[in-house]
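Residue 1 is where the sequence shown starts when you use full-length UniProt numbering, and the numbers rise one by one after that. For every residue, glycine included, the Cβ atom is placed at its ideal position computed from N, Cα and C.
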Amino acid sequence: MKIVVLTGAGISAESGVPTFRDADGLWEGHRVEDVATPEAYDAQPAVVHRFYDARRAALAAVEPNPAHHALARLEEHVGDDLLVVTQNIDDLHERAGSARVLHMHGELLSALCRACTDRVRWAGDLGEFPACPSCGVSALRPDVVWFGEIPYGMGDIQDALAEADLFVSIGTSGAVYPAAGFVQYALGHGARTLELNLQPSEVSLLFHESRQGLAGELVPAWVE
Ligand code: BJW
Ligand code: ZN
């Protein structure tokens, strides 16, 4: 049975990583839609670098939770039949042991060169405007996907969704496209669909089944 799991900020919440649209969300006082844009970065690159530097530092102090571990165990059982597509830029799936993880919104531990488009590992403290190790130009930006930019891996994701027997969405509000549209795409290709989220999402009604609760409880219960 082929399974595609989509994860969002809710799966990392119990590890202590803040979500975007809950009360204690990121970008305090700002709508993420107004600040997570290339235009915001062009206007105030130092502010945006500081924001991601702080999140990178915070990442070092958190650990995967039972939901990440359950997905890693599922991969041990089903191997290549599982693909985890995550909107998260943290590395908690990998640290829990998942190998088949596609980071559609980029990665906190990666930098993208605006000059040569190489993606390089963000090693330690490179300073505020580090130079690219590939081309030497000082044009490294966070390797994350902002509004108006095209998410990574869309072709592979569509192929996996089209082949999936089961699509499971975990800890995402369904507010951001194209990820919010995956349920419809999977349904259109015959998959069964299941949502695991703390509260009803914007797309809950599209799923065959929607369970509400903590990812750290719902995901292990679903996997076992
Ligand atoms: C728990 C829990 C617990 C809490 N247990 N659950 C109009 C209509 C349709 C689309 C558009 C439109 N206008 C513009 C667009 C496109 C736009 C978009 O969607 N805008 C919307 C605002 C409408 N999208 C884009 O621009 C995207 N690109 C694009 O469309 O390109 C065109 C294209 C696509 C495909 C092919 C070809 C071309 C890019 C979107 C980039 C999003 N980037 C961000 C920032 C990434 C970097 C960073 O992290 O800083 O990604 S924004 C932010 O939102 C981040 C997240 O990945 C993303 C989704 O958030 P998520 O994960 O769902 O978090 P929350 O906080 O919203 O929800 C958490 C949920 O968990 C809640 O429901 C809680 O209840 C739950 N929860 N604790 C279980 N313990
Ligand atoms: Zn470069």
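- Taking 8 Å as the cut-off, the Cβ atoms of Gly171 and Ala70 do not count as close.
- When C-alpha distances from Thr19 are compared across Asp90, Val78, Asp81 and Ser210, the shortest belongs to Asp90.
- Shown here for Phe207: same chain residues with a beta carbon closer than 8 Å to its own, the five before and five after excluded, namely Ser169, Val183, Thr193, Leu194 and Glu195 in chain order.
- By alpha-carbon distance to Leu6, the top candidate from Glu76, His68 and His30 is His68.
- Between Asp143 and Arg119, the C-beta spacing is below 8 Å.
- In this structure, the alpha-carbon of Ala191 lies about 15 Å from that of Leu205.
- Between the alpha carbons of Glu163 and Cys135 lies a gap of roughly 39 Å.
- Within 7 Å of the C-beta of Glu195 there is not a single heavy atom belonging to ligand 1.
- Distances between the C-beta of Asp143 and the heavy atoms of ligand 2 are all 7 Å or more.
- Put simply, the backbone Cα of Arg21 is about 13 Å away from that of Asn197.
- Residue list for ligand 2: Cys113, Ala115, Cys116, Asp118, Cys132, Ser134, Cys135, Val137 and Ala139 (CB closer than 7 Å to any heavy atom, chain order).
- Contact check for Asn88 and Ser12: beta-carbon distance about 6 Å, within the 8 Å limit, so the pair qualifies.
- Selection Ala72, Val62, Leu83 and His189 evaluated against Val219 yields Ala72 as nearest (Cα-Cα).
- Arg95 and Glu75 have their C-alpha atoms spaced approximately 14 Å apart.
- Every alpha helix (DSSP H) of 4 residues or more that sits fully in the segment 59-93 is shown, in chain order, as 66-78.
- For the pair of segments examined, the segment 55-65 was found not to touch the segment 149-162: the number of CB pairs separated by less than 8 Å stays below three.
- Its chain contains Asn65 and Gly216 as the residues whose beta carbon lies nearer than 6 Å to that of Glu14, once the 5 sequence neighbours on both sides are disregarded; these appear in chain order.
- In this structure, the straight-line span from the alpha carbon of Arg211 to that of Glu33 is close to 27 Å.
- Excluding five sequence positions before and after Ser98, the CB atoms of its chain that fall closer than 6 Å to its own CB belong to Leu71, Ala72, Glu75 and Val84, given in chain order.
- Within 7 Å of the C-beta of Tyr41 there is not a single heavy atom belonging to ligand 1.
- Ser169: member of the beta strand (DSSP E) spanning Leu166 to Ile170, first to last residue.
- Residues of the same chain with a CB within less than 7 Å of the CB of Gln199, apart from the 5 flanking positions on each side, are Gln212 in chain order.
- With contacts defined as CB atoms closer than 8 Å, Asp80 and Arg100 qualify as a contacting pair.
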